[in-house]
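Be aware that the sequence shown starts at 5, since it is given in my numbering, and climbs by one per residue. Here a beta-carbon is modelled for each residue, glycine too, at the ideal position from N, C-alpha and C. Below is one structure; the comments refer to it alone.
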Amino acid sequence: MKAMILNRVSDLTVNEHPLDLVNIPIPEPEANEVLIKISVCGVCHTELDEIEGRISPMTFPVVPGHQVVGRVHKLGTAASKFKIGDRVGVAWIYSACGKCKFCLDGKENLCDNFLATGKDVNGGYSEYMTVPEKYAHVIPAFYSDTEAAPLLCAGAIGYRSIVLSQLTDGDSLGLTGFGGSAHLVLKMVKYSYPNTKIYVFARKKEEQRFALDLGADWAGDTSSTPPVKLDSIIDTTPAWKPIVEALQFLNKGGRLVINAIRKEETDQNYLQNLNYKDHLWMEKEIKSVANVTAKDVVEFLNLAAKAGIKPKVQVYPLEDANLALLELKQKHIIGAKVLKIS
């Protein structure tokens with residue numbers, strides 16, 4: 005089968021073709037797994053982090069990609085959740101042990117044996133992949149394959165951010181950064197919490213205008229002061245300054261949820277601006293988001309279909325995965341990028 009593989013860490017500003025197109029054997033499903041014939045796979049910033057070494061795959065080579073949509077092609081001997089031909093999606097969560105206290109409590113995203121699709125095991129930049137049937141998810145009929153793929157990462161992690169924010173209808177919500185995940189959060193909140201007002205912090209004027217066009221009640225720069233204190237704030241940036249600024253806008257007993265797989269070191273010294281009285285006192289909370297659970301993916305897909313949430317997509321052939329990644333790094337973005345596999 006055709007696959008794009010990552011053999012080593014590369015700097016995309018130096019090597020614009022970090023992935024190699026190869027032919028590798030079609031994998032065989034284990035007993036509780038299904039083999040998926042992949043239709044499309046979304047392209048994510050996390051792949052840039054893998055390629056450039058900010059997060060590390062378990063081993064090389066690895067097939068990236070964790071926003072996978074396809075059809076069940078073969079069943080493992082003990083697999084019974086699906087039948088041949090069923091359309092399914094695979095997200096960042098590939099598997100967990102199922103036995104530890106976190107898994108038993110429905111928090112398999114925190115499992116020590118958590119495996120990430122396209123990082124710890126081969127993912128969706130290929131014609132086929134296997135996955136435990138528990139972590140393959142039915143795609144609502146409302147979506148085409150290309151529309152569904154981007155939702156499996158930004159949408160699912162955005163949904164988990166809302167859950168962790170403990171938002172209730174009528175609260176005030178802040179969003180710092182307004183990229184792929186945050187704009188889906190805004191749409192979900194508008195649908196599920198119609199009396200909640202949303203305040204967006206974004207550096208670029210076009211992002212602020214986009215937020216207002218989607219129904220935000222206010223938009224300003226990262227350091228701008230919103231008209232009210234905020235009950236919850238969800239941060240989707242890779243920087244430190246936005247969370248320091250956000251903490252001073254948080255209401256008493258409010259919660260800041262950091263939805264980021266990493267924070268960069270470039271502005272880490274901004275943390276020295278933290279002042280206990282202004283930023284942390286009055287029982288303010290800070291919560292990070294780590295991965296997603298199977299429940300998050302299922303609940304988000306059903307919610308998104310009911311709410312009519314659809315992403316704008318830009319499609320590339322599998323062979324152009326390097327081009328899609330380079331454009332993503334260079335911020336040449338016209339909707340979510342999706343690779344067409346078959």
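Would you decide whether ILE88 is buried or exposed? Buried here means 16 or more other CB atoms lie within 10 Å of its CB.
Indexing the sequence shown from 1 puts residue 88 at position 84. Exposed, because fewer than 16 other Cβ atoms sit within 10 Å of the Cβ of ILE88.
How close, in whole Å, do the beta carbons of VAL72 and ILE40 come, if the pair is a contact with beta carbons under 8 Å?
One-based indexing of the sequence shown puts residue 72 at position 68. One-based indexing of the sequence shown puts residue 40 at position 36. Indeed, because the Cβ distance is near 7 Å, the residues count as touching under 8 Å.
As a quick exercise: from VAL293, LEU218, ILE28 and THR81, pick the residue whose alpha carbon is nearest that of ASN126.
Counting from 1 along the sequence shown, the entry for residue 126 is found at position 122. Of the listed residues, the one whose Cα sits closest to ASN126 is ILE28.
Minimum length 3: unbroken beta strand (DSSP E) runs contained in the stretch 13-92
23-27, 37-46 and 72-79
Three Cβ pairs or more, each shorter than 8 Å: is that satisfied between the stretch 178-198 and the stretch 134-152?
At 8 Å Cβ cutoff, the stretches do not touch.
From LEU114, GLY69 and LYS191, residue whose alpha carbon lies closest to that of ASN326
Along the sequence shown, read from residue 1 onward, the residue named residue 326 stands at position 322. Per the Cα distances, GLY69.
Out of GLN272, LEU305, ASP271 and ILE262, state which residue places its alpha-carbon closest to the alpha-carbon of LYS291.
Numbered from 1 along the sequence shown, position 287 holds the residue referred to as residue 291. Ranking GLN272, LEU305, ASP271 and ILE262 by Cα distance to LYS291 puts ILE262 first.
I'd like to check one pair, ILE237 with LEU218: are the Cβ atoms closer than 8 Å?
Counted from its first residue, the sequence shown places residue 218 at position 214. Counted from its first residue, the sequence shown places residue 237 at position 233. No, these two residues do not count as a Cβ contact at 8 Å.
Integer Cβ distance of ALA62 from ASP24, believed to fall under 8 Å:
Reading the sequence shown from its first residue, position 58 is the one you call residue 62. Reading the sequence shown from its first residue, position 20 is the one you call residue 24. Per the sequence presented here, residue 62 reads as Met, with Ala not at that position. 19 Å between Cβ atoms; not a contact.
Just to confirm my understanding: we take LYS256, look at its own chain, exclude 5 residues before and 5 after, and list those with CB closer than 7 Å. What are they?
In the sequence shown, counting from the first residue as 1, residue 256 sits at position 252. Cβ neighbours of LYS256 beyond the five flanking positions: MET286 and GLU287.
Taking the DSSP output, what are the residues bridged to LYS201?
For the purposes of this step, residue 201 is taken as the residue at position 197 of the sequence shown. Per DSSP, SER176.
Sub-8 Å separation of SER176 and ASP235 beta-carbons
Counting from one through the sequence shown, the residue named residue 176 turns up at place 172. Counting from one through the sequence shown, the residue named residue 235 turns up at place 231. Result yes, Cβ atoms of SER176 and ASP235 sit closer than 8 Å.
Backbone secondary structure at ILE9 - three-state DSSP:
Here residue 9 refers to the residue found at position 5 of the sequence shown. In this structure, ILE9 counts as strand in the three-state DSSP scheme.
How is GLU289 classed by DSSP in three states: helix, strand or coil?
Along the sequence shown, read from residue 1 onward, the residue named residue 289 stands at position 285. Three-state DSSP puts GLU289 in a strand.
Residues bridged to LEU251 by DSSP?
Reading the sequence shown from its first residue, position 247 is the one you call residue 251. Beta bridge pairing from DSSP links LEU251 with no other residue.
Suppose contacts are defined by Cβ-Cβ distances below 8 Å. Is ASP271 in contact with GLN252 by that definition?
The residue labelled residue 271 in the question sits at position 267 within the sequence shown. The residue labelled residue 252 in the question sits at position 248 within the sequence shown. No, the pair does not count as a contact, with Cβ atoms beyond the cut-off.
For SER169 and PHE205, which I take to be in contact (beta-carbon distance under 8 Å), what is that distance rounded to the nearest angstrom?
Translated into the one-based positions of the sequence shown, residue 169 becomes position 165. Translated into the one-based positions of the sequence shown, residue 205 becomes position 201. That belief does not hold up - the Cβ atoms of SER169 and PHE205 are roughly 15 Å apart, past 8 Å.
According to the neighbour-count rule (16 or more other Cβ atoms, all chains shown, within 10 Å of its Cβ), is VAL18 buried or exposed?
Within the sequence shown, numbered from 1, the residue matching residue 18 stands at position 14. VAL18 comes out exposed.
When you compare only the Cα positions, how much space is there between PRO246 and LYS335?
As a first step, residue 246 is located in the sequence shown; it is residue number 242 there, counting from the start. As a first step, residue 335 is located in the sequence shown; it is residue number 331 there, counting from the start. Cα to Cα, the separation comes out at about 20 Å.
So what does GLN318 bridge to, in DSSP terms?
By 1-based counting over the sequence shown, the position of residue 318 is 314. Beta-bridge pairing links GLN318 to LYS341.
CA nearest to the CA of GLY162, picked from ALA153, VAL193, VAL135 and TYR139
Position 158 of the sequence shown, counted from the start, is the residue given in the question as residue 162. Per the Cα distances, VAL193.
Note down, in chain order, each residue of its chain lying with its Cβ closer than 6 Å to the Cβ of GLU1, except the 5 sequence neighbours on either side.
Here the chain comprises residues numbered 5 to 346, so residue 1 is not present and cannot be evaluated.
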